[in-house]
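Data first, discussion second: the structure below is written as structure tokens.
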């Protein structure tokens, strides 16, 4: 870096701004670029008499424009042409760059690799690679996360400039994000301890996590003069200069090849020329290599004149500031109208995509056909060459003149114009099956596979809704799976109560509003929005759901565990929703949306047939164990999970973590399992927990003394033999509070039980059944002390349910009265 005495503020330097006016910048991009230039002009200090030199470029460089004097000339720039940044390195544009102390490069980043290489080499050849540079890429954050940005132009300059700032400006919101910074521009980065924290752009980085600046923040940056270094040298940080050789391979221009391939006549001429000259031996493979991938529907969504973004901003600010209801309703009306116009515009985009896909498919079909024909022709020519001259015939037939025939459909079949299609009756017949929220598809013939209702933001009353995802609280749980570890979970249904999985918002909105909330990283609630899940068929959109959840949860968990984990998180939100303070209609909407998502996820959530991989290991089962959908477990609970069934020796339902068990009970409730059956399962889980606690503490001896004091208020004649007492001297009902006092139940576990409404009757009515079970457990420990300290809770529970006298306690606990309890105890 330059010595401190040579540093000058950015606003005092002669500045050049290279503005990309290629065809791809037509519309909003060029408009935003011009607005950015005006902000750059405002950075000049009053003492700086040098005009800003604006350098318009595309596939040619225009004469420099002096600003602010020639402001009209800038505003009248007409987009067009290709994108070739190296055109800046000749004529008046080059002279302006050589005379400046800093230059801005504004672009949409869409440059072919060969041109990027040319640009990088020319930068070094002309000695401009030590000149401070700020690259601003204009694009849309809705196109994908930061890692997917096209930064080809920026990378070329970033590699050679020691003082460099890489910015990304979202066209819709104007948000200016810092992608990378070097040299003097590091001052714009946040500090971590005593050093600047460079943005980490990884697989799980969200736009909300990148530093943001304003153009005015650049005014006080101090920049040194460019160093004089050779074309084969590279200036690094801290003044280090190294020599490097960059060798770029030269090949055919992919743009030219693309144009040839798209034109069947041109392609056919090349193929036939090669074949007639006898030089087409490798032509078949070359033709196949020119096939293009199927076009993907753009992730961008239109916003005509930015009206939707403006309405969202006003609405969010108005809700935050407590604007009058009338104002809020006006903003909501504006937003609904903007959504309607944008949706119609997007339908045109969609059908143009369908056309592009059809065109690519047709071209690829032609390439495959011609490759096949060329191979056949070569084979025929070689075969003919081996025959005696008198037996040879011509290998050329009229079929070689065609590019389709037996290779597929007629490639010249006409397709309707997009505009005609949008205005025809076929438009209604071909209702789009995609959401405005990118990545989600509808199942149009199955209306039950989507959830619609009132949007909390724009108040549209019949929209497909979305669950918003937010950043988790800044709390770290000890030994929790690390980001990117993709850890496999033993009990995924028990993971809903952790801070790291608290990523669901209570704000529910339509899919169109969801797009803007994600783009702006905010909702009316005090939270940062990171993603959205369109409430359409989870089975149809499994990949998008899993990818979205994986990003929201920072890649902590194995992908196969995400559906079950998210069910647990939704179940937790349903419980929290019941007690939070909010409008009743909002609470009802959240409840129904979360319930719908839970129900849908049951289809794709899969668990080992033993319910947990932890239980599988004990049975010698490996990773290949068969898995069943969670819905299968819930619907077939009587045959797969019922702990009271004598054939169910593994009792996985009772062994599952308490938190996860409650989620399973909740799912059974959702699938209309009877309250009586759920109460029985709750009781069985309670006494199993008592068994675990009792046997676990038995070696200390204290637990048995505490229980005996509880069960026999008048005392025991001996600790080794059971006394013969009258019924009134034996406790025939045990309350939950008594279990707490004996340390057979803790308050946190009790809270989990009480979170389920069906437990209320269990707590009130199963005291006698608990007493019978506890008497038997205590008696077993006293009579068979050694065995009791070594028996497992599973084995003991199975032995009890096999006892005819105890089956009624296990299977119908609410039917045990105090009198029956006394009889069973005696």
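Numbering (UniProt numbering), first residue to last: 1 to 826.
Glycine is no exception: its CB is placed at the ideal position from the N, C-alpha and C atoms.
Beta-carbon gap between residue i and residue j smaller than 8 Å
| i | j | result |
| --- | --- | --- |
| residue 470 | residue 527 | yes |
| residue 56 | residue 66 | no |
| residue 85 | residue 23 | no |
| residue 605 | residue 652 | no |
| residue 825 | residue 772 | yes |
| residue 433 | residue 442 | yes |
| residue 446 | residue 537 | yes |
| residue 316 | residue 332 | no |
| residue 530 | residue 206 | yes |
| residue 108 | residue 173 | no |
| residue 654 | residue 707 | no |
| residue 157 | residue 105 | yes |
| residue 142 | residue 299 | yes |
| residue 452 | residue 465 | yes |
| residue 552 | residue 503 | yes |
| residue 770 | residue 730 | no |
| residue 437 | residue 515 | yes |
| residue 59 | residue 82 | yes |
| residue 555 | residue 644 | no |
| residue 682 | residue 634 | no |
| residue 558 | residue 488 | yes |
| residue 356 | residue 302 | no |
| residue 34 | residue 215 | no |
| residue 48 | residue 225 | no |
| residue 658 | residue 749 | yes |
| residue 61 | residue 93 | yes |
Residue i, buried or exposed, once every other Cβ within 10 Å from all chains shown has been counted against 16
| i | result |
| --- | --- |
| residue 37 | buried |
| residue 790 | exposed |
| residue 525 | exposed |
| residue 293 | exposed |
| residue 362 | buried |
| residue 596 | buried |
| residue 810 | buried |
| residue 534 | buried |
| residue 137 | buried |
| residue 304 | exposed |
| residue 582 | exposed |
| residue 32 | buried |
| residue 579 | exposed |
| residue 802 | exposed |
| residue 816 | buried |
| residue 347 | buried |
Which of helix, strand or coil DSSP assigns to residue i
| i | result |
| --- | --- |
| residue 742 | coil |
| residue 184 | helix |
| residue 646 | coil |
| residue 107 | strand |
| residue 816 | coil |
| residue 421 | Confidence in residue 421 is poor, its pLDDT being 48 and thus under 50, which makes the residue's placement unreliable; the coordinate value appears in the next sentence. Helix at residue 421. |
| residue 323 | coil |
| residue 775 | helix |
| residue 227 | coil |
| residue 310 | helix |
| residue 768 | helix |
| residue 550 | helix |
| residue 446 | coil |
| residue 579 | helix |
Bridge partner(s) assigned by DSSP for residue i
| i | result |
| --- | --- |
| residue 534 | 466 |
| residue 222 | 9 |
| residue 441 | 434 |
| residue 607 | 628 |
| residue 452 | 464 |
| residue 102 | 15 |
| residue 683 | Beta-bridge pairing links residue 683 to no other residue. |
| residue 557 | 487 |
Run through the segment 472-530 for me and flag every whole alpha helix (DSSP H) of 4 or more residues, listed as ranges in chain order. 511-520
Segments assigned beta strand (DSSP E), at least 3 residues, entirely inside the segment 132-217: 133-139, 164-170, 176-182
Taking only runs of the beta strand (DSSP E) that begin and end inside the segment 15-76, which ones reach a length of at least 3 residues, in chain order? 15-20, 52-57, 65-67
Entirely within the segment 330-394 and at least 4 residues each: give me those alpha helix (DSSP H) ranges in chain order. none
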